[in-house]
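Enquirer:
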Amino acid sequence: MKIFPAVVKFRKVDPSSNQKLNFMGSLKLLTRSVVLVLIGIACSCSSNGDDDNTDDVGNAIQLTVEGRYTGLIELTISGDLVRVPVSLTVQETAPTRFSGNFYETAEFRPCCSTNPQDGTFTFDYDPSEMIIDNFEIRVNFNSIPDNPCTGVYRGSGEVEFDETSLIMAEILINDCNVSDTMGTLSLSKIGEL
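Rendered as C-alpha coordinates:
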(Lines of atoms letter the chains of each structure in order from A and count residues from 1; the text may use other names and numbers.)
(Lines give C-alpha, C1' and ligand atoms only; values in the text may rest on other atoms or scores of the structure.)
Protein backbone atom coordinates (compact mmCIF):
# COMPACT_ATOMS: atom_id res chain seq x y z
CA MET A 1 0.00 0.00 0.00
CA LYS A 2 1.42 3.37 -0.99
CA ILE A 3 0.60 6.47 0.98
CA PHE A 4 0.88 9.91 -0.53
CA PRO A 5 1.41 12.67 1.99
CA ALA A 6 -0.71 15.80 1.78
CA VAL A 7 0.74 19.07 2.96
CA VAL A 8 -1.55 21.80 4.17
CA LYS A 9 -0.08 25.23 4.85
CA PHE A 10 -1.76 27.78 7.01
CA ARG A 11 -1.00 31.46 6.96
CA LYS A 12 -0.81 33.19 10.29
CA VAL A 13 -2.69 36.47 10.41
CA ASP A 14 -1.79 39.10 12.96
CA PRO A 15 -5.10 40.33 14.48
CA SER A 16 -3.62 43.78 15.22
CA SER A 17 -2.75 44.37 11.57
CA ASN A 18 -5.10 45.78 8.99
CA GLN A 19 -4.98 42.61 6.91
CA LYS A 20 -8.39 41.44 5.81
CA LEU A 21 -9.15 37.80 5.55
CA ASN A 22 -10.16 36.74 2.13
CA PHE A 23 -12.90 34.29 3.08
CA MET A 24 -13.40 32.94 -0.43
CA GLY A 25 -9.64 32.51 -0.97
CA SER A 26 -9.31 30.63 2.33
CA LEU A 27 -12.29 28.47 1.46
CA LYS A 28 -10.75 27.60 -1.95
CA LEU A 29 -7.44 26.68 -0.25
CA LEU A 30 -9.24 24.51 2.27
CA THR A 31 -11.30 22.82 -0.45
CA ARG A 32 -8.18 22.08 -2.53
CA SER A 33 -6.43 20.63 0.52
CA VAL A 34 -9.36 18.36 1.34
CA VAL A 35 -9.56 17.20 -2.30
CA LEU A 36 -5.81 16.44 -2.33
CA VAL A 37 -6.13 14.42 0.88
CA LEU A 38 -9.07 12.45 -0.55
CA ILE A 39 -7.15 11.77 -3.79
CA GLY A 40 -4.18 10.58 -1.75
CA ILE A 41 -6.39 8.21 0.24
CA ALA A 42 -8.07 6.92 -2.92
CA CYS A 43 -4.70 6.29 -4.61
CA SER A 44 -3.33 4.48 -1.57
CA CYS A 45 -6.32 2.16 -1.51
CA SER A 46 -6.33 1.34 -5.21
CA SER A 47 -5.03 -1.91 -6.58
CA ASN A 48 -1.45 -2.04 -7.80
CA GLY A 49 -2.39 -4.45 -10.60
CA ASP A 50 -1.51 -7.64 -8.74
CA ASP A 51 -4.17 -10.31 -8.71
CA ASP A 52 -2.98 -12.02 -5.55
CA ASN A 53 -4.36 -9.31 -3.22
CA THR A 54 -1.06 -8.89 -1.40
CA ASP A 55 0.29 -5.58 -0.21
CA ASP A 56 3.79 -4.19 0.13
CA VAL A 57 4.06 -5.48 3.71
CA GLY A 58 4.79 -8.94 2.29
CA ASN A 59 7.94 -7.51 0.73
CA ALA A 60 9.44 -6.70 4.15
CA ILE A 61 12.31 -8.78 5.48
CA GLN A 62 10.98 -11.67 7.51
CA LEU A 63 12.77 -12.08 10.83
CA THR A 64 13.43 -15.64 11.96
CA VAL A 65 15.25 -17.37 14.80
CA GLU A 66 17.47 -19.41 12.47
CA GLY A 67 20.78 -17.83 11.56
CA ARG A 68 24.31 -16.85 12.57
CA TYR A 69 24.64 -15.06 15.91
CA THR A 70 27.50 -13.36 17.74
CA GLY A 71 27.60 -11.90 21.22
CA LEU A 72 28.87 -12.36 24.76
CA ILE A 73 28.58 -14.47 27.84
CA GLU A 74 29.04 -12.20 30.87
CA LEU A 75 29.80 -13.72 34.25
CA THR A 76 31.58 -12.79 37.46
CA ILE A 77 34.61 -14.81 38.52
CA SER A 78 36.30 -13.95 41.84
CA GLY A 79 34.59 -10.55 41.86
CA ASP A 80 35.69 -9.64 38.32
CA LEU A 81 33.28 -9.20 35.42
CA VAL A 82 34.38 -11.47 32.58
CA ARG A 83 33.07 -11.02 29.03
CA VAL A 84 33.56 -14.01 26.75
CA PRO A 85 32.91 -13.56 23.02
CA VAL A 86 30.76 -16.32 21.51
CA SER A 87 29.09 -17.23 18.23
CA LEU A 88 26.35 -19.73 17.43
CA THR A 89 24.81 -21.20 14.31
CA VAL A 90 21.11 -21.71 15.04
CA GLN A 91 19.03 -24.20 13.02
CA GLU A 92 15.44 -25.31 13.47
CA THR A 93 15.54 -29.10 13.81
CA ALA A 94 11.84 -29.62 14.60
CA PRO A 95 8.91 -27.27 15.13
CA THR A 96 9.90 -25.04 18.08
CA ARG A 97 13.18 -26.97 18.59
CA PHE A 98 16.55 -25.44 17.68
CA SER A 99 20.14 -26.68 17.82
CA GLY A 100 23.54 -25.90 16.41
CA ASN A 101 27.20 -25.24 17.01
CA PHE A 102 28.71 -23.15 19.80
CA TYR A 103 32.03 -21.32 19.44
CA GLU A 104 33.81 -19.45 22.21
CA THR A 105 34.95 -16.82 19.69
CA ALA A 106 33.06 -14.19 17.70
CA GLU A 107 34.39 -15.62 14.40
CA PHE A 108 32.57 -18.99 14.19
CA ARG A 109 35.74 -20.94 14.81
CA PRO A 110 36.77 -22.92 17.89
CA CYS A 111 39.01 -21.28 20.45
CA CYS A 112 39.88 -24.26 22.58
CA SER A 113 39.05 -27.43 20.73
CA THR A 114 40.41 -29.69 18.02
CA ASN A 115 36.77 -30.26 17.04
CA PRO A 116 35.17 -28.06 14.36
CA GLN A 117 33.34 -26.26 17.23
CA ASP A 118 33.75 -25.72 20.97
CA GLY A 119 30.39 -27.30 21.70
CA THR A 120 26.81 -27.84 20.65
CA PHE A 121 23.49 -26.55 21.99
CA THR A 122 19.74 -27.09 21.92
CA PHE A 123 16.75 -25.05 23.05
CA ASP A 124 12.97 -24.98 22.79
CA TYR A 125 11.26 -21.82 21.53
CA ASP A 126 7.67 -20.77 22.14
CA PRO A 127 6.87 -18.26 19.37
CA SER A 128 3.61 -17.10 20.97
CA GLU A 129 5.45 -16.00 24.13
CA MET A 130 8.87 -15.50 22.45
CA ILE A 131 10.39 -17.57 25.29
CA ILE A 132 13.40 -19.88 25.14
CA ASP A 133 13.38 -22.83 27.50
CA ASN A 134 15.60 -25.87 28.06
CA PHE A 135 18.62 -23.98 26.72
CA GLU A 136 21.58 -26.33 27.04
CA ILE A 137 25.11 -25.73 25.76
CA ARG A 138 27.50 -28.68 26.00
CA VAL A 139 31.12 -27.54 25.76
CA ASN A 140 34.11 -29.74 24.96
CA PHE A 141 37.35 -27.78 25.13
CA ASN A 142 39.86 -30.52 24.28
CA SER A 143 42.86 -28.56 22.99
CA ILE A 144 44.87 -30.00 25.90
CA PRO A 145 44.41 -33.77 25.35
CA ASP A 146 45.59 -34.78 28.83
CA ASN A 147 43.25 -32.28 30.52
CA PRO A 148 40.04 -31.75 28.50
CA CYS A 149 37.54 -29.22 29.81
CA THR A 150 33.94 -30.27 29.40
CA GLY A 151 30.82 -28.72 30.82
CA VAL A 152 27.17 -27.83 30.52
CA TYR A 153 25.55 -24.40 30.54
CA ARG A 154 21.79 -24.46 31.19
CA GLY A 155 19.19 -21.74 31.24
CA SER A 156 16.25 -19.96 29.69
CA GLY A 157 15.59 -16.66 28.00
CA GLU A 158 13.78 -14.85 25.24
CA VAL A 159 13.94 -13.80 21.62
CA GLU A 160 13.31 -10.20 20.56
CA PHE A 161 12.84 -8.97 17.03
CA ASP A 162 13.97 -5.45 16.21
CA GLU A 163 15.93 -4.79 13.02
CA THR A 164 17.37 -8.23 13.69
CA SER A 165 16.76 -11.19 15.98
CA LEU A 166 18.17 -10.96 19.49
CA ILE A 167 18.59 -13.89 21.88
CA MET A 168 19.05 -13.24 25.60
CA ALA A 169 19.32 -15.93 28.25
CA GLU A 170 20.33 -16.40 31.86
CA ILE A 171 22.50 -19.51 32.11
CA LEU A 172 24.03 -21.55 34.92
CA ILE A 173 27.62 -22.37 33.95
CA ASN A 174 29.38 -25.56 35.03
CA ASP A 175 32.70 -26.47 33.43
CA CYS A 176 36.32 -26.97 34.46
CA ASN A 177 36.71 -23.23 35.22
CA VAL A 178 33.59 -22.47 37.30
CA SER A 179 30.80 -24.31 39.09
CA ASP A 180 27.21 -23.15 39.53
CA THR A 181 28.01 -19.66 38.24
CA MET A 182 25.26 -17.53 36.73
CA GLY A 183 25.97 -15.84 33.43
CA THR A 184 24.12 -13.77 30.88
CA LEU A 185 24.17 -14.75 27.21
CA SER A 186 23.41 -11.92 24.75
CA LEU A 187 23.38 -12.62 21.00
CA SER A 188 22.55 -10.60 17.88
CA LYS A 189 21.78 -12.19 14.55
CA ILE A 190 24.33 -11.15 11.94
CA GLY A 191 23.20 -13.28 9.01
CA GLU A 192 21.43 -16.28 7.62
CA LEU A 193 22.86 -19.79 7.53
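Just so you know, we're using numbering that gives the first Met the number 0 here: the sequence shown kicks off at 0 and counts up by one.
All C-beta atoms, glycine included, are put in the ideal place defined by N, C-alpha and C.
1. Can you pull the DSSP bridge partners for SER86?
2. Could you pull the DSSP bridge partners for ASN173 from this structure?
3. Quick one: measure Cβ to Cβ for LEU186 and LEU165, integer angstroms, because I've assumed they're closer than 8 Å.
4. With 16 as the cutoff for other CB atoms within 10 Å, does GLU162 come out buried or exposed?
5. What residue from THR69, PRO94 and GLY154 has the CA that sits closest to ALA105's CA?
6. According to the neighbour-count rule (16 or more other Cβ atoms, all chains shown, within 10 Å of its Cβ), is SER46 buried or exposed?
7. Secondary structure at ASP145, three-state DSSP: helix, strand or coil?
8. Can you name, in chain order, every residue of its own chain whose Cβ lies under 6 Å from the Cβ of ASN173, other than the five neighbours on each side?
9. If the criterion is Cβ atoms closer than 8 Å, does the pair SER112 and PHE140 meet it?
10. On the DSSP bridge list, what partners appear for ILE131?
11. Provide the residue(s) that pair with SER185 in DSSP beta bridges, ordered along the chain.
12. Would you identify the three-state DSSP class for ASN114, choosing helix, strand or coil?
13. Would you call the CB atoms of MET129 and VAL158 closer than 8 Å?
Expert: Here's the rundown:
1. Residue pairing by DSSP places SER86 opposite THR69 and TYR102 in a beta bridge.
2. Beta-bridge pairing links ASN173 to VAL151.
3. Correct: roughly 7 Å between the Cβ atoms.
4. By the neighbour-count criterion, in which 16 or more other beta carbons inside 10 Å mark a residue as buried, GLU162 falls on the exposed side.
5. Ranking THR69, PRO94 and GLY154 by Cα distance to ALA105 puts THR69 first.
6. Because SER46 carries a pLDDT of 47, less than 50, the predicted location of this residue cannot be relied on, and no value is offered for it.
7. Coil, per DSSP.
8. Closer than 6 Å at the Cβ level, and outside the excluded window around ASN173, lie GLY150 and VAL151.
9. Closer than 8 Å, so yes.
10. Residue pairing for ILE131: DSSP places it in a beta bridge opposite TYR124 and GLY156.
11. DSSP, once it has assigned bridges, lists LEU71 and MET167 as partnering SER185.
12. If DSSP states are grouped into helix, strand and coil, ASN114 belongs with coil.
13. It is a contact, given that the beta carbons lie within the stated cut-off.
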